[in-house]
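Participant: Let me give you the structure first, and then I'll get to my questions.
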Amino acid sequence: MSKQKAHKVVQVGLGERSYPIRIEKGQLARIGEDLRQKKIAKRYAVISDDHVADLYGDRLQNGLTSAGLKSELITFPRGEESKNLRTLAALASELARAGFDRKDGLIALGGGVTGDLTGFLASVYMRGIPFVQVPTTLLAQVDSSVGGKTGVDIPEGKNLVGTFYQPRAVYIDTEVLQTLPRQELLGGLAEVIKYGVIGDADFFRFLEKKRGPILELDEDIIPGMIARCCEIKAWVVTRDEREGDLRRILNFGHTIGHAIEAASDFTLIHGLAVAMGMAAVADLAVRTGHFPAAAAERLKQLLRDFGMPDTIPPDLDRQRIKDYLQTDKKTVAGRVFFVLPTEIGKVTITDQVAEEDVDWILGV
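Here our numbering = 1-based position in the sequence shown + 567.
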């Protein structure tokens, strides 16, 4: 991967619903001018958790004001525990009280929870209003802000209630990563590694070679790294927007990862649960004859090199993890679909995994 330009634009090609992903350091205060030119809405509600709002709310809103756009900041308590129908209803009520209508729009300012909540809210408020994504975590920048999957959690599982609803634009400001806690950075890098495994062996090798500069958020490397992830996801989404088949490959590590996350009562952050899920499913692929043992070890070594976990915590209830697997939203007719690597850069999707093999991986 070569040194990147000052900014990069990745296009998600969905016909009339196509949209750009703009990656540029320091663009947070300039988003308003781009939105003014795009004429997406006459005013915006900036939806953010209370932590991110304190960090970046003023900067974004000042830019909107300078561009002649009206906005209101609406916040909710930070954390996965806010990603539910109660929060959704509370946000919708605030929009209604503020008089937001079909000509208005939403801006999701924050990480994956904010993006999922705001996208879902946009898809159902007034039966659909426009929204844009301004992701502030690495995980959201490389994954959840792109592709139009929205949703909330219910007690029975993660993201079981939601919609497919595409944003009008995604604005990725790499500068905001400087305030990201180390664990959140690593959680995002787990998703970055995912893209190498599912679709680009050269990118995986790049991650192996550039671990140091990546962890230091080297600005000569980070924009291109994010762009490559967005390119792979955009390629998948344009071919399978609603997860009919191909898009399932984006769930590599997530089926087990989501179950681990839920079994921990969401005390484990999403990205690190996905890292555990990738390691587990790599072992599953070795056991079922899909993946060479050496390749699985290479993946787990990369996770360890970045300081990520490659095993499920011993104190997590294995039966509970297995129970959550059965309620995963990608389960069809009681059969769990797994994305199994066949080599670094290629995966296969199958529901033909024996229960005893899953039990062995989980240690049930």
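C-beta: ideal position from N, C-alpha, C; glycine also.
1) Can you check the stretch 752-793 for any beta strand (DSSP E) of at least 3 residues that lies completely inside it and give the ranges in chain order?
2) Consult DSSP for H574 and reduce its assignment to one of helix, strand or coil.
3) Would you identify the three-state DSSP class for D740, choosing helix, strand or coil?
4) In this structure, how does DSSP classify I799 when only helix, strand and coil are distinguished?
5) Given G824, which residues of its chain have a CB within under 8 Å of its CB, disregarding the five upstream and five downstream residues?
6) Pull up the DSSP beta-bridge partners for P734, would you.
7) Out of curiosity, what's the CA-to-CA distance linking D769 and D785?
8) Which word fits E647, buried or exposed, when buried means at least 16 other C-beta atoms lie within 10 angstroms of its C-beta?
9) Only counting the same chain, and skipping five residues up and downstream in sequence, which positions put a Cβ closer than 7 Å to that of T685?
10) Out of F873, K761, V709, point me to the one whose CA is closest to T741's CA.
11) Give me the residue from D877, R854, L753 with the minimum Cα distance to G779.
12) When DSSP builds the beta bridges, which residues end up paired with D616?
13) Mind checking who K606 pairs with in its DSSP beta bridge?
14) How big is the Cα-Cα spacing for Q594 and G677?
15) Got a sec? Which residues, its chain only, sit under 8 Å from A659 by beta carbon, not counting five neighbours each side?
16) How would you write the range of the beta strand (DSSP E) that A675 sits in, first residue to last?
17) Would you mind sorting D877 into buried or exposed? The rule is 16 or more other CB atoms within 10 Å of its CB.
18) Using C-beta distances below 7 Å, list every residue in its chain close to A847, excluding the 5 sequence neighbours before and after it, in chain order.
19) Tell me the DSSP secondary structure of F698 in three-state form.
20) The beta strand (DSSP E) that contains Y586, what's its start and end?
21) Is the beta carbon of L869 closer than 9 Å to that of E775?
22) Counting only runs that start and end within the stretch 859-913, where is the beta strand (DSSP E) found for 3 or more residues in a row?
23) Using a Cβ-Cβ cutoff of less than 8 Å, which residues in the same chain neighbour D926 once the five nearest sequence positions on both sides are dropped?
24) What separation, rounded to the nearest whole angstrom, lies between the Cα atoms of V931 and R885?
25) Put Q855 into one of helix, strand or coil per three-state DSSP.
26) Are the stretch 601-612 and the stretch 575-583 in contact at 8 Å, needing three or more beta carbon pairs?
27) Taking just the CA atoms, how far does I588 sit from P748?
28) What does the Cβ neighbour count give for E583, buried or exposed, with the cut at 16 atoms within 10 Å?
29) Indicate whether V713 and D720 have their beta-carbon atoms separated by less than 9 Å.
30) Looking at the unbroken alpha helix (DSSP H) that takes in G824, where does it start and where does it end?
31) Could you compute how far the alpha carbon of V701 sits from the alpha carbon of G755?
32) Take the Cβ of G829 as the centre, count every other Cβ of all protein chains shown within 10 Å, and call the residue buried at 16 or more, exposed below.
33) Hey, how far is the Cα of L627 from the Cα of R902?
34) For V848, name the three-state secondary structure that DSSP assigns.
Facilitator: Reading it off the structure:
1) none
2) On the sequence shown, position 7 is the one that residue 574 refers to. If DSSP states are grouped into helix, strand and coil, H574 belongs with the strands.
3) Here residue 740 refers to the residue found at position 173 when the sequence shown is read from its first residue. Coil at D740, not helix or strand.
4) The sequence position of residue 799 within the sequence shown is 232, counting from 1. It is helical.
5) Numbered from 1 along the sequence shown, position 257 holds the residue referred to as residue 824. Once the five neighbours on either side are set aside, the close Cβ partners of G824 are H837, A840, V841, A842, M843, G844, M845.
6) Here residue 734 is taken as the residue at index 167 of the sequence shown, counted from 1. None; P734 has no bridge partner.
7) Translated into the one-based positions of the sequence shown, residue 769 becomes position 202. Translated into the one-based positions of the sequence shown, residue 785 becomes position 218. Taking the straight line from one Cα to the other gives about 19 Å.
8) For the purposes of this step, residue 647 is identified with residue 80 of the sequence shown, where counting begins at 1. So E647 counts as buried.
9) As a position in the sequence shown, residue 685 is number 118, starting the count at 1. If we look at T685 and ignore the five residues flanking it on each side, its Cβ neighbours are I614, L673, A675, F698.
10) Along the sequence shown, one-based indexing puts residue 741 at 174. Of the candidates F873, K761, V709, the one whose C-alpha sits nearest the C-alpha of T741 is V709.
11) In the sequence shown, residue 779 corresponds to position 212, counting from 1. Closest by alpha carbon: L753.
12) Mapped onto the sequence shown, residue 616 falls at position 49. Answer is F643.
13) Working through the sequence shown from its first residue, we reach residue 606 at position 39. Its beta-bridge partners do not exist; DSSP assigns none.
14) For the purposes of this step, residue 594 is taken as the residue at position 27 of the sequence shown. For the purposes of this step, residue 677 is taken as the residue at position 110 of the sequence shown. Those two C-alpha atoms are separated by around 15 Å.
15) The count along the sequence shown starts at 1 and reaches residue 659 at position 92. Closer than 8 Å at the Cβ level, and outside the excluded window around A659, lie L688, V691, Y692.
16) Your numbering for residue 675 matches position 108 in the sequence shown. Residues 672-677.
17) The sequence position of residue 877 within the sequence shown is 310, counting from 1. Answer is buried; the Cβ neighbour count reaches 16.
18) As a position in the sequence shown, residue 847 is number 280, starting the count at 1. Counting only Cβ-Cβ distances below 7 Å, and skipping sequence neighbours, we find I823, I879, I928.
19) The count along the sequence shown starts at 1 and reaches residue 698 at position 131. F698 falls in the strand class under three-state DSSP.
20) Here residue 586 refers to the residue found at position 19 of the sequence shown. Residues 586-591.
21) Walking along the sequence shown from the start, residue 775 turns up at place 208. Walking along the sequence shown from the start, residue 869 turns up at place 302. Taking 9 Å as the Cβ cut-off, E775 and L869 qualify as a contacting pair.
22) 905-910
23) Within the sequence shown, the letter at position 359 stands for residue 926. Closer than 8 Å at the Cβ level, and outside the excluded window around D926, lie K889.
24) Numbered from 1 along the sequence shown, position 364 holds the residue referred to as residue 931. Numbered from 1 along the sequence shown, position 318 holds the residue referred to as residue 885. Straight-line Cα distance between these residues: approximately 5 Å.
25) If you number the sequence shown from 1, residue 855 lands on position 288. Reading off the sequence, residue 855 comes out as Thr, not Gln. Here T855 sits in coil by DSSP.
26) no
27) Walking along the sequence shown from the start, residue 748 turns up at place 181. Walking along the sequence shown from the start, residue 588 turns up at place 21. Rounded to whole angstroms, P748 to I588 spans 24 Å at the Cα level.
28) The count along the sequence shown starts at 1 and reaches residue 583 at position 16. Exposed.
29) In the sequence shown, residue 713 corresponds to position 146, counting from 1. In the sequence shown, residue 720 corresponds to position 153, counting from 1. For V713 and D720, no; Cβs fall outside 9 Å.
30) Here residue 824 is taken as the residue at index 257 of the sequence shown, counted from 1. From DSSP, the alpha helix (DSSP H) with G824 extends over 821-830.
31) For the purposes of this step, residue 701 is identified with residue 134 of the sequence shown, where counting begins at 1. For the purposes of this step, residue 755 is identified with residue 188 of the sequence shown, where counting begins at 1. Going from the Cα of V701 to the Cα of G755 covers about 15 Å.
32) Numbered from its first residue, the sequence shown carries residue 829 at position 262. Note on residue identity: the sequence assigns Ala, not Gly, to residue 829. Answer is buried; the Cβ neighbour count reaches 16.
33) Along the sequence shown, read from residue 1 onward, the residue named residue 627 stands at position 60. Along the sequence shown, read from residue 1 onward, the residue named residue 902 stands at position 335. Looking at the two C-alpha atoms, the distance is approximately 45 Å.
34) Taking the first residue of the sequence shown as position 1, residue 848 is located at position 281. Three-state result, V848: helix.
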